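**Student:** Pasting in a structure now, in structure tokens, and then I'll have a few things to ask.
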Amino acid sequence: MKTIRIIGTIAWFEMLVLFRSWFFRIFTGLILLVLLVMNINVLNDNGGNWAIKAIASNIPYFNILILSLTQAFIAMFLALDFLKRDKKLDTSEVIFTRSMSNWDYIWGKTIGILTVFLVLNLLVLLLAVIINLIMGDVTVDWMAYFYYPLIISIPSLIFILGLSFMVMSLLKNQAIALVILLGYTGMVMFFGKDKFDFIFDYQGFRLPMVHSDMIGFGFEARLLLQRGIYLMLGLSFISGSILLMKRLPQSKFHSSLSWILTLTLGVGAIVGIVTYAGTTAHDTSYRSEMIKLNDQNFKIPVLSSETADLTIKHNNRTISVDAKMSFVNKTHESISKTVFTLNPGLKLEELMINGAKASFDRKDHLVLVTLPEALGSGQSVQTEFIYKGNIDERVCNLDIKAEQAVEKWGPDFLIAIRKRFAILEPEYVLLTPESAWYPLPGVLHGSTISVLPTWNFTQFKATVETKNGLQPIMQGKMDQSGSSWVFSPEKPLSGMTLVIGAYKPATLKAGGVDFELNIVKNHDYFTKVLDSISDTLPKFIGDMKQDLERRLGLKYAYPRLRLIEVPAQFYAYSRLWIKNRDFLQPEMVFLPEMGGMLSRSGFAQELRQSKRSAKEREESLSEKEVQLRVLRNFISENFQPGASDNRMSFNMNGPSMSTDTDKKFSLFPNFFTFVNHLGSDQYPVLNIALESYLSNTGDTQMGGFGMGTSGLSAAEQANVELQKKSFKKLLSTDMDNLALRQVIDAKGKYFFTYLEAVAGSVEFMPFILEEIAKSQYKTIDFEDFTADFKSKFNFDADSLANRWFNTDQLPGYLIGHVRVIEVQQDDRTRYQLLYDVSNPSKESGLVQITLRAGGRGGMGMRGGSGGRGGASFALAGRNAATDKFLVVPAGSAFQIGYVLDDQPRAMSVNTMISTNLPNNISYPFPKLEQIKGYEPMEGMKNVPLILTMSEPGEIVVDNEDTGFSMVGAATVSRMVKWLKINAKNPNVPYESMRSWRPPTFWTPIIQSGFYGDFVRSAVYMKSGEGDISVQWKTIIQKPGFYDVYTFMSPNLARMSMRMGGGGGGGGARPTGGSTGGGMGNMPEIADEYHFTVFHSEGKEDITIALKSAETGWNKLGSFYFGADTAKVSMNDKNTGKTVVADAVKWVKQQ
Amino acid sequence: MEIRIENLNKIYKGGNKALSDINLVIEDGMFGLLGPNGAGKSTLMRILVTLMKPSSGRVLVNGMDLQKNRKEVRTLLGYLPQDFRFFAKYRTWEFLDYSARLAGLKQRSVRNSEVERMLEQVGLFEARDRSASKLSGGMKRRLGIAQALIGDPKIVIVDEPTTGLDPDERIRFRNLLSKMTEKEMIIILSTHIVGDISSTCRSMALLEKGKLVFNGAPDDLVAQARGHVFQMNVSNREFEDVKEKYNVISTIPSINGWDVQVVAEHTGNYPSVPIEPNLEHAYVYFMELVLNQPQELY
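So the protein sequences, as listed, match chains H and P. Going by our numbering, 451 is the number at position 300 of the first sequence; the sequence numbering is gapless. Going by our numbering, 277 is the number at position 272 of the second sequence; the sequence numbering is gapless.
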């Protein structure tokens, strides 16, 4: 009793001090202000963030998260301060002589500090709840206001207080203690990150804690353990600091209690850490074990499943299944031993083969079966698998590497959702084939992409029994029979999914398809908002479906589409081997809880925005029209195939953008992937190649912004990789999945575009569609495909595939001599465009030519000429008016001529898979030539092959050449080195140009406007004092007078100045930087570059002002050179921001 | 109340012996602990108020071993340390309230009236809402004594309370303390200012270099000095010689030189008149002649 009274007294007076501290008051004011702004930002009705507010508990979550992040620092400071204050204030001695134990004192102080922070937490929550109540369309999740502070704030506060007390008690120096604690927190935030499943994250800052209405946090036990560890550690430290307190103890009982608490809680925390990290480590090793097993058993012949009749009973956290399945041997050999995959959490109790009990060997997820008698090619076998148990989620996504697995899943940069891939709870079930909840023939993923699950089309039937009140959802027609639900899919499926939840299905018939919406109670946030469209909805949806079918040239394959709301936690990765995320299943789409992770799903605010913008544009739209517009935006942004998800990220080197190429919820798989499969043992990625081609997604040149810090677009990065290794070898290397996907995407599209160029678009698309149509619900054999292609187009696609897959050579192109000549034809002015293209490499290749006419949209072009066998060009499918594909055989060179109706303004060439960098080259059109009596040329003719862009008589040294060198090194501070700011990534040969904090050493960059044969690059760095330089050296064979030139890109400096002035739009590569024209209104630049030409009579310094320099070659002067080494140097001195060094040439005077 | 100090030693890290074999019994009333700076007074005080452990020996408070019964002893204590200047952000009355609560005054009404009474008593009632850290030096000292006295402690230990106070404040402070002696309690007053003790203490101890050199009533100390304090009149020339030879306690310029009071066994050839010693004389006599060590005097 006395203890409590004293603790209360100490706490009360500590609180008084803290509440009176200006430090704390200012912090409180600031944090409340920041959160006020953030809350209004997120919650306001007009531009709020639906992704966050879709789940009402996210509101207290992000408030507490931001508070927790900052309050840890303040708590740290205050904790250290109280101990320092005790030492410093002579008046505290009179307190120490009072009768109280050290236990009372330290706990009093702790509770005092804690209470102050709790009050702060309350204020923050109060603010949040007020805004939550005032603003709009979100309910208030009262419980969340209670549990988020409890699991985020309290453990982190107690931990940081305890740790601060402890460190301060041991070190007795506030400054050093503060540095250590800040350093520790920094380490945790920047290096600890998500290591060992967020074990270092004491603040709960990165810990994914979005709370689903359907399944809670999704990892309650681990979450509580993680928070418990820090709570225990904190309490242990606090007790420990009681023992370390510099005051003579007075209570043996309290001292013993402190010892006991310190030790037991400390040991408890350690046990917790070991358990937590141990589980993580064990999970990782178990996954490796499974991958290894797959590698080992991949060669075992696999049966193909034909039919499956599943009887499923769901009870609590288990399912018991009786799976009657028939399999057929589709291989050419007879099979006596085979392998199946079944989730390792499911215990296979009995296996019957052809009615007789069969023995099997279970290794983790694998079921190895020796058939009673060998099964001949084409023969079938009846099996029955009887199994029950729970689902081991570790079996999912074995192909996903760590770096992809740690990708954050959440509505913004701050709050995160725990990823779940398979859910089996008493009240909720979500099992996709990924979890192998029913027997799958073959193995799962191995260490390389060629070890894959098999792709089967199976005629399923399923009967489900579950708890009353829960609704099972699977594919197929749904019937209720007694207490069970029967699902009978009309078509064979690539896999069957089991969802069980408190769903209320609603169906809409549109365009011959049943659209069935399944959401859980209280989650219908849209019917009230989109209330005027119900009568038009069927037609509207039907039209959208038709549009999509037209666009893809493919038909929707099923009689229904089930849209199913799933818990926020359900996540599906993009895969290397298939263009589908598990958000899509045959005739199913999973919609994340409350539409939170979907685009434009905050319908109320979308509606307001649409109305506002309609008003601004003075459009008069009815309520219904606006609602339909909102719905259309929602559907096309989420479900129409196409690229999306441009993610901006910031690191030490400035902002960068990466492109996640596929829409997560694109319906494409329901048109192709689940219906067709292009199979080939030789080329395991052919199917995704076809998918890439058909869905036309993947890497797109995004006006220079579509790249990361590498300065290379995804396709360019793919080219860099493909110069090192063949496609085949790349697929079997341990490459980062995202990079590999870029290669696969680029290569995939390339292969089929090549075929398209060979066949001609007009005929190719129908051919492909026919191939697809005739083999629905079965695998298209690549051999049959090539045979069909050969008979139709007389081209050996297999040998193309062979080179495409196996060669480590890339084509490379030299494109130049671009001319535009005005031609008078039939009293009309027309334009002849000419250019040369050479492919001196050993590999044939494909380029895409795009022409732009000034301001008038598309260009009329005559395409389709050119013969087969040699070079040919064809109209491409989608931008037929302006794009041409050109096959350039190895070692050949052509002059290409087009006669155009409009004057062309620019030509850009996409060199696709080649050694050329950058991938897109823009060609400035020189002056329009007028030649009397000129006979225009349409088509192509052979010209002599050239090996370099330099003209005869010129000696060019480019920055890529051996004659080019960089002199002098920049000093880099140790801190910068240590933090790896500006560190060069060895895998990134070219970086993007940054005007925001340019590098302090010569850094290679590529740009269409730079000089180069195959690689148009230059080096650049931050302007300096002139002590760092570059040199171009060559050996002059013929003495004499030479004109010396340097290649310059003044527009780049203008561009970078403009961007730099705009507040750091780093990471950009301005395309067409040297196209001239179109660059009007550029700011004046002050840049002056300093060159020195070393010639026979000595040396001469030359300064060139960029504002008066030409884009291209600029003359430095004429000098006499003996038969010796000639040298030109340029230093880093410049009045502008950066210096760029490209190429120098010596031209012998005639 | 009785404090019994037995064979108390304190050796600091580094070997500095601060207290050496102290044996002392302190009973109710005001007890003066006198000694020059560095004599070990503060060390002894800090041991008595349980801020520090002795190296050996023990202290019994009413028979309870101080080291083993800190909890009980602390309930008896009121302490005013030598330095009492820096406060956390409390108002004057809050600091007193804080002390009162820790001293065990549970009931709010009792505590409030006690705090008010103490504030009145030390003359800080007007300043009760002022921030404690903004009080003047003397006021802080008074607040210090108030917090030491609040909650009716049985042992009050006051370390160098008058150092740095102006004479007015010093007298006021002494009066405050002497009022307390009416109660049944021990007040230990440690000081190097003799005047603090002579006015208030019934018994005293003299510490020198960690040793207890005198223990008894102030009068006993004075008695020892009787016959060793002289008054004489010297010329300017002689004054220099007197200063060399004797411990001069006071000098007043006179018409033909200086009136000087000295402490000495005898005054040799200089004509002198023995005078009745006071405690200050006795202290000098004791320190300079009995212990026979040259001392810096205040």
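Don't be surprised by glycine CBs; every beta carbon is placed ideally from N, CA and C. These figures come from a predicted structure and were not determined experimentally.
(1) Is H/V518 closer than 9 angstroms to H/T492 when the C-beta atoms are compared?
(2) Closer than 9 angstroms, CB to CB, is P/K46 near chain H or not?
(3) I'd like the span of the alpha helix (DSSP H) that includes H/N119, first residue to last.
(4) Near H/K1266, what residues of its chain come up, given a Cβ to Cβ distance below 8 angstroms and the 5 sequence neighbours on each side ignored?
(5) Output the distance between the C-alpha atoms of H/M625 and H/V988, rounded to the nearest integer angstrom.
(6) Are there 16 or more other CB atoms within 10 angstroms of the CB of P/F89, so buried, or fewer, so exposed?
(7) Among residues of its own chain, excluding the 5 on either side of H/I282, which ones have a beta-carbon nearer than 7 angstroms to its beta-carbon?
(8) Which residue's Cα is closest to the Cα of H/L358: H/M365, H/L375, H/I366?
(9) Name the DSSP bridge partner or partners of H/G996?
(10) To the nearest angstrom, how far is the alpha carbon of H/P306 from that of H/A223?
(11) Going straight from the alpha carbon of H/T980 to that of H/A1292, what length do you get?
(12) Taking only beta carbons into account, state which residues of the region 91 to 118 of chain P come closer than 8 angstroms to chain H, listed in chain order.
(13) How would you call H/Q736, buried or exposed, if buried means at least 16 neighbouring beta carbons within 10 angstroms?
(14) Would H/R249 pass as an interface residue toward chain P - the criterion being a Cβ-Cβ separation below 9 angstroms?
(15) List the residues that DSSP assigns as beta-bridge partners of P/L29.
(16) I'd like to know whether the C-beta of P/K18 is nearer than 9 angstroms to at least one C-beta of chain H.
(17) Tell me the rounded alpha-carbon separation between H/D1275 and H/I1047.
(18) Which residues of the region 271 to 284 of chain H have a Cβ closer than 7 angstroms to any Cβ of chain P? Give them in chain order.
(19) Does P/L82 have its Cβ less than 9 angstroms from a Cβ in chain H?
(20) Return helix, strand or coil for H/R123, following the three-state DSSP convention.
(21) Any beta carbon from chain H within less than 9 angstroms of P/G149's own beta carbon?
(22) Quick check on DSSP: helix, strand or coil for H/F677?
(23) So which residues of chain H does P/A153 contact, with C-beta pairs closer than 8 angstroms?
(24) Assuming H/R929 contacts H/F608 (C-beta within less than 8 angstroms), just tell me the rounded distance between them.
(25) Just checking, does the region 631 to 645 of chain H make contact with the region 661 to 675 of chain H on the three C-beta pairs under 8 angstroms criterion?
(26) May I ask you to report which of helix, strand or coil DSSP gives H/P592?
(27) Just to make sure I have the definition right: I need the residues of chain P whose C-beta is within less than 7 angstroms of the C-beta of H/D241. Which are they?
(28) Which of helix, strand or coil does DSSP assign to H/F178?
(29) What does H/S402 touch in chain P if you count any residue whose Cβ is under 8 angstroms from its own?
(30) Rounded to whole angstroms, what's the CA-CA distance from P/L129 to P/I16? Just pull it up for me.
(31) Below 8 angstroms on the Cβ atoms is my contact criterion, and I expect H/V1279 with H/W1183 to pass it. Report the Cβ-Cβ distance as a whole number of Å.
(32) Roughly how many whole angstroms lie between the Cα atoms of P/D173 and P/G221?
(33) DSSP state of H/F602, grouped into three classes?
(34) Is it a yes or a no for the region 24 to 36 of chain P touching the region 368 to 383 of chain H, going by three-plus beta-carbon pairs under 8 angstroms?
(35) Mark P/R106 as exposed unless 16 or more other C-beta atoms lie within 10 angstroms of its C-beta, in which case mark it buried.
(36) Against P/L56, what residues of chain B qualify as contacts under a CB-to-CB distance less than 9 angstroms, listed in chain order?
**Tutor:** Walking through what the data contain:
(1) Contact check for H/T492 against H/V518 passes: the beta carbons are separated by less than 9 angstroms.
(2) For P/K46, no CB of chain H lies under 9 angstroms from its own CB, so it is not counted at the interface with that chain.
(3) Residue 119 of chain H cannot be examined here, being either before or after the span of chain H that is shown, 152 to 1301.
(4) The residues are D1194, V1195, Y1196.
(5) Looking at the two C-alpha atoms, the distance is approximately 56 angstroms.
(6) So P/F89 ends up on the buried side.
(7) Around H/I282: N190, I191, L194.
(8) The candidate whose alpha carbon is nearest that of H/L358 is H/L375.
(9) H/V1039.
(10) Rounded to the nearest angstrom, the two C-alpha atoms are 11 angstroms apart.
(11) Between H/T980 and H/A1292, the C-alpha separation is close to 42 angstroms.
(12) Going along the region 91 to 118 of chain P in chain order, one finds F91, F92, A93, K94, Y95, E99, F100, Y103, S104, R106, L107, A108, G109, K111 with a Cβ nearer than 8 angstroms to chain H.
(13) By the Cβ neighbour-count rule, H/Q736 is buried, with 16 or more other Cβ atoms within 10 Å of its own.
(14) True, the Cβ-Cβ gap to chain P drops below 9 angstroms.
(15) Answer by DSSP bridge pairing, in chain order: P/I10.
(16) Interface annotation, P/K18: not in contact with chain H, CB-CB separation never under 9 angstroms.
(17) In a straight line, the C-alpha of H/D1275 is about 41 angstroms away from that of H/I1047.
(18) Correct list: empty, as no residue qualifies.
(19) Cβ-Cβ to chain H under 9 angstroms: yes for P/L82.
(20) Any answer about residue 123 of chain H is impossible in this case: the structure gives chain H only from 152 up to 1301.
(21) Interface residue, yes.
(22) Reduced to three states, the DSSP call for H/F677 is coil.
(23) What P/A153 touches in chain H: V245.
(24) A small fix is needed here, since residue 929 of chain H is Lys in this sequence, not Arg. Contact flag correct, Cβ pair sits at about 6 angstroms.
(25) Touching, no, given that fewer than three Cβ pairs across the two stretches are closer than 8 angstroms.
(26) DSSP, reduced to helix, strand and coil, places H/P592 within a strand of the structure shown.
(27) Near H/D241 (Cβ distances below 7 angstroms), the residues of chain P are P86, D88, F89, R90, F91.
(28) The answer is helix: DSSP assigns H/F178 an H, G or I state.
(29) Result: K76.
(30) The C-alpha of P/L129 lies about 40 angstroms from the C-alpha of P/I16.
(31) About 5 angstroms separates the two Cβ atoms, so the contact holds.
(32) Note on geometry: alpha-carbon atoms of P/D173 and P/G221 lie some 29 angstroms from one another.
(33) Reading off the sequence shown, one finds Val at residue 602 of chain H, where the question assumed Phe. Here DSSP, grouped into helix, strand and coil, assigns H/V602 to coil.
(34) Remark: fewer than three beta-carbon pairs, one from each stretch, lie closer than 8 angstroms, so the region 24 to 36 of chain P and the region 368 to 383 of chain H are not flagged as touching.
(35) Result: buried.
(36) In the structure shown, chain B does not exist; the protein chains are H and P.
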